[in-house]
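Using full-length UniProt numbering, you'd call the opening residue of the sequence shown number 1 and step up by one each time.
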Amino acid sequence: MLCSAALAADLSSTGRGSVVSSGAASWYQALRTGLSQFRNGGGYETSREAMQALAEKACRWDPRTRRPVFLLRNATPSFCSSACYLLLLKSLQIWDSAQPRPVISERAWLALIPRFGQHDGVGPWGWANANGPGLAVLVHRLGAGINFEDWRKARPGDFMKIFWTDRIGRRESGHLTVLVKDGGDQVTFWSSNIPDGYGARTVPKSRIRRVIFTRITRPERFNLAPSVGSHPWLSSLLRQEVGMKEVRRHSGMQNP
């Protein structure tokens, strides 16, 4: 298994000769740096212990600096959305610290930090952790990036929600990841994976029914996190199944 530092190096390729703006480049650099700080392993669990590890042990508030502290080694065991959301927060912190002055306010950080017992569809973490296109809906709502389904447009460092079957919602089989490498007939991604936890995995694309890519293009828009309240549709995905037409509408994507 590749270590996170090696995976971060792989992300230095933006793929297919695409031109990346200076603002986007600074975000990708922050993402690479954030990923390099994760250790492989730690175990995979969708359990109370894993939720507590994220909300109470890994994500803390420093009252002296009035800024967040992310203790990545404490975030074990983990699961896919906790891994990707923690990477998002750590990358955002790295990006913010590189700006001439802080962009993400104290109020925004307090909204972004996950809380134990936070329900799906409530607040930024509750949106990102929801079934279906949770992270995609959050990024669309904030205007922080774009969502799309076309493999040809994807580049390393894009978040990638994998659906292993056609079901979206209550009985879905999904996996939130970060794209590391599109290898043609197979794809390599980083996440918290069964059973080991943090690390990379390569699977044949034939196993994947559909994907939603989420690309962060305007990280400064996470400063609007306090405006993210309850999203009844995302909350409902614990109880109902939905189709891609609804998913695209809530994620800001065009129907083909």
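Note that beta-carbon positions come from the ideal geometry of N, C-alpha and C, so glycine has one too. Keep in mind it's a predicted model, so treat the numbers as computed, not measured.
Counting C-beta atoms within 10 angstroms of its own C-beta, proline 219 has 16 or more neighbours from the protein chains shown and is therefore classed as buried. Taking the Cα positions, proline 133 is about 15 Å away from isoleucine 208. A contact between stretches requires three or more CB pairs, one per stretch, nearer than 8 Å, and the stretch 166-180 fails this requirement with the stretch 60-69. Nearest neighbour of asparagine 40 by Cα position, chosen from Pro232, Thr76 and Glu246, turns out to be Thr76. Residue pairing by DSSP places tryptophan 61 opposite Pro68 in a beta bridge.
Taking 8 Å as the cut-off, the Cβ atoms of phenylalanine 213 and alanine 154 count as close. When the alpha-carbon of tryptophan 27 is set against those of Arg48, Leu72 and Lys90, the nearest one is in Lys90. Residues of the same chain with a CB within less than 7 Å of the CB of glycine 197, apart from the 5 flanking positions on each side, are Gly41, Gly42, Gly43, Tyr44, Thr76, Pro77 and Ser78 in chain order. Remark: fewer than three beta-carbon pairs, one from each stretch, lie closer than 8 Å, so the stretch 140-152 and the stretch 86-104 are not flagged as touching.
Cβ contact annotation for alanine 225 (same chain, cutoff 6 Å, sequence separation greater than five): Ala108, Ala111, Leu112 and Pro124, in chain order. Looking from the CA of arginine 32, the closest CA among Ser81, Leu88, Leu71 and Trp61 belongs to Leu88. Taken through DSSP and simplified to helix, strand or coil, serine 251 comes out as helix. Look at alanine 200 here: in three-state DSSP terms it is strand. For the pair glutamine 186 and proline 204, the Cα-to-Cα distance works out to about 4 Å. Annotation for threonine 46: Phe79 place their beta carbon closer than 7 Å to its own, counting only its chain and skipping 5 residues before and after. The Cβ-Cβ distance between aspartate 158 and leucine 179 falls below 8 Å.
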